[in-house]
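Heads up: the sequence lines are chains Y and S, in that order.
The first sequence begins at 1 in this note's numbering and counts up by one.
The second sequence begins at 1001 in this note's numbering and counts up by one.
2 protein chains.
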Amino acid sequence: MPERASSSGRATSRRPALSVDIVSLTPHGRRLTALLVRAGDARSKERWELPHDAPRADETIDDAAARVERAALGAQPAMLEQIAAFGDRRRHPSDAVVSIGYVALVATGANTSPGDDAAWFSVEELPPIAPRHRAIVEGAMHAVRARLDQSPIAFRLLPATFTLSQLQEIYELLLGRRLHKASFRRALHASWLVEPTDEWRSEGRGRPAQLFRYAPRKRRGSRRGVRFEGVSGSLGG
Amino acid sequence: MPERASSSGRATSRRPALSVDIVSLTPHGRRLTALLVRAGDARSKERWELPHDAPRADETIDDAAARVERAALGAQPAMLEQIAAFGDRRRHPSDAVVSIGYVALVATGANTSPGDDAAWFSVEELPPIAPRHRAIVEGAMHAVRARLDQSPIAFRLLPATFTLSQLQEIYELLLGRRLHKASFRRALHASWLVEPTDEWRSEGRGRPAQLFRYAPRKRRGSRRGVRFEGVSGSLGG
DNA sequence: GACATTAGTCACAATTCGTGACTAATTCGT
DNA sequence: ACGAATTAGTCACGAATTGTGACTAATGTC
């Protein structure tokens, strides 16, 4: 009894209750890009949408998300996490009552264009998509930014080894602002999240950079104060 | 065509696709408590669950959450926000495929016991409830803690005017650890979230405390560094 | 009136942070 | 070959933030 998400419009006019929708993010150059697929039931043939489908019978929503992502990307993402449920009146391609948004992070190098039915678009300049899909993309961006300083998701957008300049570039991309090199490295070393390899990469001109790998260490429990409203003061324990 | 959440078991054996489930939180003394209602279709008569229902036709999930909360609490909460969708195989009272969890914050004073069918339980010692409901409660606690330093949700658990000791107590309750008085107040003043009233409250013994009200001011844009993994270092702009 | 209790403030050491300036290693142009 | 340009990486110092104990203030209790 699975309910199919994408239309074919005949038969019952029942709205599907559920859809699972994926925002796959990957850096392309200096831009963050999201994966869109061609709408199947296109009226105009240049119509794009987020990969989505209804969960099948006895399939968890996490499993459904993994399946949809595998179908769209042709590979496993480095991370796949739920954002939220979207159940307002904004239009969805399948007209689902509730859409469950997921964000997938895809590493550089694993982000080649997967066929003719899918393409990466800069999140700043998406083509016209359904209002609910636009809301889900915005939710994905917020979720990624919010988790950025709570868990090391930036590494999911990079290959196994990377230079610190690459890592800083990812942070700048996600935060939308420049960071100071010395401060970035000081905090990074204090966090024990990376360890150097003995390889160096000469990337075009300039001094070669050492390659690092993500290798979180046990961290000393440095309990810090409380913050009011994002960035304000802090209250000591 | 609304699908009813709570059983009455006859007719079709179709699982409802959706439910909306509310975790209402309020402080009671030094404990954080959650609102549970008696299970309608109780086999054993002492069976509790989170207030929940399926969204009605053409009702948004936010509207459904407000309706369910109004029915259970008998009043409007100070805040009602979605947590996440729960669609794994854990058991839910209505057997819904997907449950959308909401957290409601109720102020002290508005948290009187609403009738015989509902009661407040310490979140540390809940009675046995369905596994998915336990997961939703845990999700609510995580969400509240995560938002605590991003938005001023602690004030939603207090009446319109309060002492700074009360406010600090709420923070300690939510964080699960003690805070230093001087640091707490220093950061609070720096954040411009409260303003003093000209009232004082003499609460039992000891010096009377000045009453404050929540009154967020425009904050200077103090852009700060980036943090790795919760509390570690920080990288400067 | 002494004392316990809660509110509120202060000041200082220690740490963290923002920032500019420096050195290092490479490519490119001439 | 050599200097300019470019990118990597480090250092050091002033400024700001934070943890903490000790202090004063105002009330109730014995």
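Note that the Cβ used here is the ideal one computed from N, Cα and C, for glycine as well.
Which residue or residues does DSSP assign as beta-bridge partners of residue i?
{"i": "R213(Y)", "result": "T161(Y) and E195(Y)"}
{"i": "L1105(S)", "result": "L1025(S) and M1079(S)"}
{"i": "V98(Y)", "result": "L18(Y)"}
{"i": "E69(Y)", "result": "Bridge partners of E69(Y): none, in fact."}
{"i": "H52(Y)", "result": "D21(Y)"}
{"i": "F86(Y)", "result": "S99(Y)"}
May I ask you to report which of helix, strand or coil DSSP gives residue i?
{"i": "L1126(S)", "result": "coil"}
{"i": "A251(Y)", "result": "With chain Y represented from 1 up to 237, any question about residue 251(Y) goes unanswered, as that position is not in the structure."}
{"i": "L256(Y)", "result": "Nothing about residue 256(Y) can be read from this structure; chain Y reaches only from 1 to 237."}
{"i": "M1001(S)", "result": "Any answer about M1001(S) is weak, because its pLDDT of 39 lies below 50 and its placement is not dependable; what the coordinates show is given next. In this structure, M1001(S) counts as coil in the three-state DSSP scheme."}
{"i": "L173(Y)", "result": "helix"}
{"i": "G233(Y)", "result": "Bear in mind that a pLDDT of 37 at G233(Y), under 50, signals an unreliable position, so the number given afterwards is only what the model happens to contain. G233(Y): coil per DSSP, three-state reduction."}
{"i": "S7(Y)", "result": "Its pLDDT being 40, under 50, S7(Y) is placed unreliably by the model, and nothing is read from it."}
{"i": "A190(Y)", "result": "helix"}
{"i": "H1142(S)", "result": "helix"}
{"i": "F228(Y)", "result": "coil"}
{"i": "A39(Y)", "result": "coil"}
{"i": "R30(Y)", "result": "coil"}
{"i": "A1119(S)", "result": "strand"}
{"i": "A205(Y)", "result": "One detail in the question is off: residue 205(Y) reads as Arg in this sequence, not Ala. Coil."}
Could you pull out every residue in the same chain whose Cβ sits closer than 7 Å to the Cβ of residue i, ignoring the five residues on either side in sequence?
{"i": "R1015(S)", "result": "D1095, A1096 and V1097"}
{"i": "K45(Y)", "result": "none"}
{"i": "A66(Y)", "result": "L80"}
{"i": "V1231(S)", "result": "Here V1231(S) scores only 31 on pLDDT, less than 50, and its place in the model should not be relied on; the value that follows carries that caveat. The answer is none, since no qualifying residue turns up."}
{"i": "E195(Y)", "result": "F212, R213 and A215"}
{"i": "R185(Y)", "result": "L164"}
Does the beta-carbon distance from residue i to residue j come in below 8 Å?
{"i": "I1100(S)", "j": "D1021(S)", "result": "yes"}
{"i": "L1073(S)", "j": "S1024(S)", "result": "yes"}
{"i": "H180(Y)", "j": "L50(Y)", "result": "no"}
{"i": "V1123(S)", "j": "P1077(S)", "result": "no"}
{"i": "S183(Y)", "j": "F1228(S)", "result": "no"}
{"i": "D121(Y)", "j": "A34(Y)", "result": "Note that residue 121(Y) is Phe in the sequence shown here, rather than Asp. Their beta carbons are under 8 Å apart, which means F121(Y) touches A34(Y) by this criterion."}
{"i": "L1173(S)", "j": "L1148(S)", "result": "no"}
{"i": "T1060(S)", "j": "G87(Y)", "result": "yes"}
{"i": "A110(Y)", "j": "A75(Y)", "result": "yes"}
{"i": "T1108(S)", "j": "L1158(S)", "result": "yes"}
{"i": "H1048(S)", "j": "P1127(S)", "result": "For clarity, residue 1048(S) is Trp in the given sequence; the question names His instead. Yes, Cβ-Cβ distance for W1048(S) and P1127(S) is below 8 Å."}
{"i": "A118(Y)", "j": "L32(Y)", "result": "no"}
{"i": "A64(Y)", "j": "R56(Y)", "result": "yes"}
{"i": "A17(Y)", "j": "A1017(S)", "result": "yes"}
Only counting the same chain, and skipping five residues up and downstream in sequence, which positions put a Cβ closer than 6 Å to that of residue i?
{"i": "Q1082(S)", "result": "Y1102"}
{"i": "P1152(S)", "result": "L1193"}
{"i": "W200(Y)", "result": "P208 and Q210"}
{"i": "S1019(S)", "result": "A1005, H1052, A1054, S1094, A1096 and S1099"}
{"i": "A140(Y)", "result": "V23, I83 and V103"}
{"i": "M79(Y)", "result": "L105 and R156"}
{"i": "R217(Y)", "result": "W192"}
{"i": "A187(Y)", "result": "none"}
{"i": "A1039(S)", "result": "R1047 and E1049"}
{"i": "P1002(S)", "result": "A caution first: P1002(S) carries a pLDDT of 39, below 50, which makes its placement in the model unreliable, though a value can still be read off. Here the set comprises R1056 and A1057."}
Could you name the residues of the same chain whose beta carbon sits closer than 8 Å to that of residue i, not counting the 5 residues immediately before and after it, in chain order?
{"i": "A1143(S)", "result": "E1081, I1083, A1084 and V1103"}
{"i": "T996(S)", "result": "The question about residue 996(S) has no answer here: the residues shown for chain S are numbered 1001 through 1237."}
{"i": "R91(Y)", "result": "A130, P131 and R132"}
{"i": "R30(Y)", "result": "E169 and L173"}
{"i": "I1136(S)", "result": "D1021, V1023, L1050, I1083, F1086, S1099 and G1101"}
{"i": "E1324(S)", "result": "This structure cannot settle anything about residue 1324(S), because the visible part of chain S is limited to 1001 through 1237."}
{"i": "E1203(S)", "result": "T1163 and A1209"}
{"i": "R178(Y)", "result": "E172"}
Just checking, does the region 152-172 of chain Y make contact with the region 209-219 of chain Y on the three C-beta pairs under 8 Å criterion? Yes, the region 152-172 of chain Y touches the region 209-219 of chain Y.
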